[in-house]
Amino acid sequence: MTENIPLFQDPQSPQPPVHLPAAVDPDLEELSITRRPSPLPDVPETGALRKVGNRLARNRRTNISEDARKAAAALQVEPERAALLVTEQPNGVSLLSEVAVPGGSLYVIECQAWTRMLFPLYQPRIAALSLAVPAPRLLDDHDADRPLAQARCEFGSPKELADLVRETVTGTLGVPKADYSDSILQRGVSEPLLVILVRITFADGSPSRVLPVVVDGISRLSSAAKTRTGKSNAGVADAVVEDLLRDPNSLRRAVRDEITAYNAAYRRGLSDQVVRVGQAATVPVRLVVGARNDDTMEVNQ
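When you line the sequence shown up against this note's numbering, it's residues 258 to 558, in that order.
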């Protein structure tokens, strides 16, 4: 008699669970890790990031501003891979992923990003809450020649932006079943976040900036920040806002310092903080760098 084998079997984990002995760290005694953290790459040098920006500029499928290209390059964990994906191929084949959307397509880079360089704006899951800062209106952005595959948004001041981001993080983590930090502590973030580049302007005359904004995956982003910091919901929001208000060079240095400290601690053995940073310092993203309509792009005025 032949053995009955199910047609659809439960997927097998590519790595067996790792049970950490109590001798490593008492805080990890009961934790079963299904994806063991590993050493993290150094924050890339500016030359490698510049290559990504230059190739984005030369790719005819991409249409984002120079500031947006710099922001897209800055968040790359593996800039050599990103540069390859955005390089125009001699045979005309695109290595960018194409995502169908109503009326057209998006061109995205499938890549790993530094979690601390990504930010939320508005979370639909907390729409029922009474927010102190009104939800922003994201509009299509454009330059003198053509529409751009990025958005624009105006706030009264940097404080208003910071207040909204703080409310979004705390509100998201407070939604039932939206806090995935325990799961991320065990296996990291596996489902990519969808990220667009948003030009933020301020009515009070503060300098504008381009932010990589998560539009799908805010719960994962907020939970990753909670995993990495180990803080309360309010403390997590404060940490995200602190990074938000840094200038790009300061944020880059802060991430580099954290990764350097992590790698040194990793060599000494796993601890609670090592596992937290190792599982949440980077996340997979689908970064929008190009778009086309079936006809022509419509720009919201």
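A virtual CB, placed ideally from N, CA and C, is assigned to each residue, including glycine.
Counting the other Cβ atoms within 10 Å of the Cβ of E424 gives 16 or more, which makes it buried. Rounded to whole angstroms, the gap between the alpha carbons of N320 and L527 is 43 Å.
When C-beta atoms of the region 315-331 are compared with those of the region 510-528, fewer than three pairs fall below 8 Å, so the two segments do not count as touching. Under the three-state reduction of DSSP, A435 is assigned to coil, being neither helix nor strand. Per DSSP, the continuous alpha helix (DSSP H) segment holding D324 begins and ends at 323-331. Setting aside the 5 residues that flank it on each side, V334 is surrounded in the same chain by P298, Q369, A370, W371, T539, each with a C-beta closer than 7 Å to its C-beta; the list follows chain order. By the Cβ rule, the region 462-477 does not count as touching the region 359-368, because fewer than three pairs are nearer than 8 Å. By the CB criterion at 9 Å, P377 and L454 fall outside the cutoff. Between the alpha carbons of T344 and P433 lies a distance of about 43 Å.
Secondary structure note for G361: its beta strand (DSSP E) is the uninterrupted segment 361-371. Counting along the chain, R312 sits inside no beta strand (DSSP E); it lies in the alpha helix (DSSP H) bounded by residues 303-315. For Q407, the enclosing beta strand (DSSP E) starts and ends at 404-412.
Setting aside the 5 residues that flank it on each side, E411 is surrounded in the same chain by P393, I457, T458, F459, A460, each with a C-beta closer than 8 Å to its C-beta; the list follows chain order.
By DSSP's assignment, D398 forms no beta bridge with any residue. In this structure, P294 places its C-beta atom within 9 Å of the C-beta atom of V531. Nearest in C-alpha terms to R307, of all of V358, R292, P336, is P336. When DSSP states are grouped into helix, strand and coil, L527 belongs to the coil group. Secondary structure note for G547: its beta strand (DSSP E) is the uninterrupted segment 539-550. The beta-carbon separation of A330 and T427, rounded to 31 Å, does not stay under the 8 Å limit for a contact. By alpha-carbon distance to P391, the top candidate from T517, G413, R373 is G413.
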